[in-house]
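Residue numbers (my numbering), protein chains in the order written: chain W, 51 to 315; chain C, 4 to 243. Here the structure is laid out as structure tokens; the discussion comes afterwards.
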Amino acid sequence: MAAIAPLADAVAHVVRDGDTVAFEGFTHLIPFAAGHEVIRQGRRDLTLVRMTPDVLYDQLIGAGCARKLVFSWGGNPGVGSLHRFRDAVQHGWPRPLELEEHSHAGMANRYVAAASGLPFAVLRGYTGTDLPAQTANISSVTCPFTGEVLTAVAALRLDAAVVHAQRADRHGNVQLWGITGVQKEAVLAASRSLVTVEEIVDELEPRPGAVVLPSWVVDYVSVAPGGAHPSYAHDYSVRDNDFYQAWDEISRDRDRFAQWLEGVA
Amino acid sequence: MMTVAAARALRDGAVCFVGIGLPSTAANLARRTHAENLVLVYESGTIGAKPDRLPLSIGDGVLADTAVSVVGVPEIFNYWLQPGRIDVGFLGAAQLDRFGNINTTVIGGDYRNPGVRLPGAGGAPEIAASCREVVVVVRQTKRAFVERVDFVTSFGFGSGPGEREELGLTGAGPQLVITDLGVLRPDPRTCELVLTRLHPGVDPATVRERTGWDLKFADDLGRTEPPTERELAVLRELTR
Numbered sequence: 051m052a053a054i055a056p057l058a059d060a061v062a063h064v065v066r067d068g069d070t071v072a073f074e075g076f077t078h079l080i081p082f083a084a085g086h087e088v089i090r091q092g093r094r095d096l097t098l099v100r101m102t103p104d105v106l107y108d109q110l111i112g113a114g115c116a117r118k119l120v121f122s123w124g125g126n127p128g129v130g131s132l133h134r135f136r137d138a139v140q141h142g143w144p145r146p147l148e149l150e151e152h153s154h155a156g157m158a159n160r161y162v163a164a165a166s167g168l169p170f171a172v173l174r175g176y177t178g179t180d181l182p183a184q185t186a187n188i189s190s191v192t193c194p195f196t197g198e199v200l201t202a203v204a205a206l207r208l209d210a211a212v213v214h215a216q217r218a219d220r221h222g223n224v225q226l227w228g229i230t231g232v233q234k235e236a237v238l239a240a241s242r243s244l245v246t247v248e249e250i251v252d253e254l255e256p257r258p259g260a261v262v263l264p265s266w267v268v269d270y271v272s273v274a275p276g277g278a279h280p281s282y283a284h285d286y287s288v289r290d291n292d293f294y295q296a297w298d299e300i301s302r303d304r305d306r307f308a309q310w311l312e313g314v315a
Numbered sequence: 004m005m006t007v008a009a010a011r012a013l014r015d016g017a018v019c020f021v022g023i024g025l026p027s028t029a030a031n032l033a034r035r036t037h038a039e040n041l042v043l044v045y046e047s048g049t050i051g052a053k054p055d056r057l058p059l060s061i062g063d064g065v066l067a068d069t070a071v072s073v074v075g076v077p078e079i080f081n082y083w084l085q086p087g088r089i090d091v092g093f094l095g096a097a098q099l100d101r102f103g104n105i106n107t108t109v110i111g112g113d114y115r116n117p118g119v120r121l122p123g124a125g126g127a128p129e130i131a132a133s134c135r136e137v138v139v140v141v142r143q144t145k146r147a148f149v150e151r152v153d154f155v156t157s158f159g160f161g162s163g164p165g166e167r168e169e170l171g172l173t174g175a176g177p178q179l180v181i182t183d184l185g186v187l188r189p190d191p192r193t194c195e196l197v198l199t200r201l202h203p204g205v206d207p208a209t210v211r212e213r214t215g216w217d218l219k220f221a222d223d224l225g226r227t228e229p230p231t232e233r234e235l236a237v238l239r240e241l242t243r
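This is how it looks when you write it as structure tokens:
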């Protein structure tokens with residue numbers, strides 16, 4: 051049964067120093083409010099996991115929360131580079147950032163393996179690229195039926211997963227729809243989970259194509275209206291594209307970023 | 004011209020894996036001109052999206068609202084891309100070499116201490132491997148068109164013929180490279196990229212100057228038809 055708790059309490063329970071944690075969201079439903087709470091609580095040495103570390107991860111990295119990043123594409127979508135991420139990789143500021151790098155297909159399959167309770171997943175991927183040489187979590191496996199050699203990727207087990215959704219009911223059953231990315235897989239791959247929601251309703255009306263996370267696979271639900279801003283929650287808000295543009299300017303300069311950070315704390 | 008040339012490369016009815024930026028503009032231009040039945044698949048999980056304006060990110064709500072179906076990200080890669088159900092994949096490049104290998108990871112230095120850190124692979128390695136064919140769209144500069152890429156993020160033809168087959172890659176690889184200067188295609192015998200068309204007003208010397216290897220020109224080097232009034236009108240409408 052998921053506990054419905056205030057955001058600060060839920061974050062304190064779910065995300066701990068040294069954790070391997072994913073704040074997932076594929077452009078849509080990115081859990082910004084929860085991420086900012088992690089910055090406020092001063093979590094350290096996190097291994098941040100996400101397919102598309104965008105502005106939220108730039109903020110967490112710049113705030114010094116992260117030791118390592120496991121990812122497949124690190125940019126500000128439609129805008130350009132992540133400057134805090136670059137500064138950490140190229141200059142070790144505010145602290146060095148270790149990288150483990152994959153492709154989207156590899157990351158998605160690593161989550162699927164963990165969510166499925168398997169040690170690894172099989173795909174046709176990475177072939178001919180320089181990526182496998184950079185991590186022990188990409189290997190190969192021979193098909194026991196055909197003898198074909200395929201790519202194997204290690205399951206991506208998480209200590210904690212944090213996602214945002216449109217709504218939950220009073221029992222903590224969660225419903226999300228629109229572009230649902232890998233949020234379900236991330237929650238099922240994690241030992242602890244927190245879902246922030248736009249609202250809590252008496253009854254979850256069924257919606258075609260919606261993903262439901264039943265209360266018994268979620269640890270905490272917190273109400274955080276607008277908690278995906280500047281990303282969006284389909285049918286509740288629209289993406290604040292101006293903020294993504296503005297972030298390029300804010301994040302280029304360490305002092306400018308420090309000012310922004312004060313506003314969060 | 005790059006966008007128009009890319010749009011023209013898409014035939015009606017094709018299934019196209021689209022990224023944001025120029026590929027998305029080109030695909031939507033094609034859908035409004037000669038390729039009404041183009042199927043747009045975005046890696047965010049939207050299949051058959053028919054956006055009435057250009058999406059601002061691959062996860063733009065307009066894609067979900069207008070799609071035939073919205074599926075999870077594992078499904079897009081495992082069910083739709085991996086088995087070869089996508090005809091055309093679009094890729095960009097920070098570096099591209101004479102065998103169509105692409106780098107979007109790091110430039111200069113070594114991997115752990117790079118000169119420039121780029122966004123990384125995203126969906127590209129598997130798009131390059133599994134789409135029936137790949138169209139690369141990239142601005143032609145000496146820094147981008149290099150003899151050998153610093154890091155192979157996405158495999159083109161490796162260092163020559165037969166390598167894709169040996170690795171078991173199912174797609175035909177980069178069959179078309181569209182730049183701001185012209186169009187390149189791989190030589191069927193050597194797999195090396197060859198300039199096959201120049202865009203209007205571009206002279207061959209400029210292309211040589213902006214290529215970091217000794218670029219070969221096709222014997223029957225052609226000229227790209229200038230954009231039509233209709234193409235320009237739709238493009239203006241789209242990017243307004």
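Built from N, CA and C at the ideal position, the CB exists for glycine as well.
Item, Value
"Rounded to whole angstroms, what is the Cα-Cα separation between R21/W and P207/C?", "Look at the range of chain W in this structure, 51 to 315, and you will see that residue 21/W is not part of it."
"In three-state DSSP terms, what is V65/C?", "helix"
"Tell me, please, which residues DSSP counts as bridged to K234/W.", "Note: K234/W sits in no beta bridge, so no partner."
"Looking at the C-beta of W143/W, does it have a partner C-beta in chain C at a distance below 8 Å?", "no"
"Counting Cβ pairs closer than 8 Å, one from the stretch 78 to 94 of chain C and one from the stretch 137 to 150 of chain C, do we hit at least three?", "yes"
"So with CB distances below 9 Å, who are the chain C contacts of H63/W?", "Ordered by position in chain C, no residue passes the 9 Å Cβ test against H63/W, which lies about 27 Å from the chain."
"On a Cα-Cα basis, can you pick out the residue from C19/C, G161/C, V152/C and P58/C that is closest to Y114/C?", "V152/C"
"Counting only the same chain and skipping the five closest in sequence on each side, list residues whose C-beta sits under 7 Å from that of L187/C.", "V180, L196, V197, L198 and T199"
"If contacts are defined as beta-carbon pairs under 8 Å, then V7/C and L238/C qualify, I think. What distance do you get, rounded to the angstrom?", "7 Å"
"Along the beta strand (DSSP E) that carries T199/C, what are the first and last residues, could you check?", "L196 to L201"
"Please compile the residues from chain C whose C-beta is within a distance smaller than 8 Å of the C-beta of F121/W.", "G123"
"Helix, strand or coil for G185/C? Go by DSSP, reduced to three states.", "strand"
"Please go through the stretch 53 to 91 of chain W and give each complete beta strand (DSSP E) segment of 3 or more residues, from N-terminal end onward.", "70 to 73"
"For my contact list, E74/W and V120/W are in at a C-beta cut-off of 8 Å; report their separation, rounded to the angstrom.", "Actually they do not touch by this definition, with Cβ atoms about 12 Å apart."
"Beta-carbon of L168/W versus every beta-carbon of chain C: anything under 8 Å?", "no"
"Touch check for the stretch 67 to 85 of chain C and the stretch 116 to 123 of chain C: three-plus C-beta pairs under 8 Å?", "no"
"Rounding to the nearest angstrom, what Cα-Cα distance links N187/W and L168/W in this structure?", "14 Å"
"Between R66/W and the rest of its own chain, which residues show a CB-CB distance below 8 Å, the 5 nearest in sequence each way excluded?", "R93, D209 and A210"
"Just how far apart, CA to CA, sit G85/W and W310/W?", "14 Å"
"Hey, out of V76/C, S133/C, P177/C and S157/C, whose CA is closest to T107/C's CA?", "S157/C"
"Which runs of the beta strand (DSSP E) at least 3 residues long sit entirely within the stretch 99 to 131 of chain W? Give them in chain order.", "116 to 121"
"Out of D303/W, H214/W, Q140/W and V245/W, which one is the CA nearest neighbour of L121/C?", "Q140/W"
"May I ask you to report which of helix, strand or coil DSSP gives F170/W?", "strand"
"Can you name the residues of chain C whose CB is closer than 9 Å to the CB of R36/W?", "Residue 36/W is absent from the model: chain W starts at 51 and stops at 315."
"Counting only C-beta atoms, is P81/W closer than 8 Å to chain C at any point?", "no"
"Could I get the ranges of all uninterrupted beta strand (DSSP E) runs contained in the stretch 7 to 42 of chain C, with 3 residues as the minimum, in chain order?", "18 to 21"
"Give a yes or no on contact between the stretch 267 to 278 of chain W and the stretch 90 to 104 of chain W, applying the rule of three or more CB pairs nearer than 8 Å.", "no"
"Using a cut-off of 7 Å between C-beta atoms, extract the partners of N187/W located in chain C.", "Simply none; closest approach about 14 Å."
"Report yes if the CB atom of P54/C is closer than 8 Å to the CB atom of V44/C, and no otherwise.", "no"
"Identify the contact partners of A278/W in chain A, using a Cβ-Cβ distance below 8 Å as the criterion.", "Among the chains of the structure shown, chain A does not appear; the protein chains present are W and C."
"Should the stretch 222 to 234 of chain W be regarded as contacting the stretch 177 to 195 of chain W, the criterion being three or more beta carbon pairs within less than 8 Å?", "no"
"Using C-beta distances below 7 Å, list every residue in its chain close to R207/W, excluding the 5 sequence neighbours before and after it, in chain order.", "A164 and A239"
"So G124/W and G123/C are in contact, right, with Cβ under 8 Å, and what is the actual spacing, rounded?", "6 Å"
"Give a yes or no on whether 8 Å exceeds the smallest Cβ distance from P128/C to chain W.", "yes"
"Does at least one heavy atom of the ligand GDP sit under 7 Å from the Cβ of I23/C?", "With respect to the ligand GDP, the structure offers nothing, as it holds no ligand at all."
"So that I know if they touch, is there some Cβ in chain W lying closer than 8 Å to that of V18/C?", "no"
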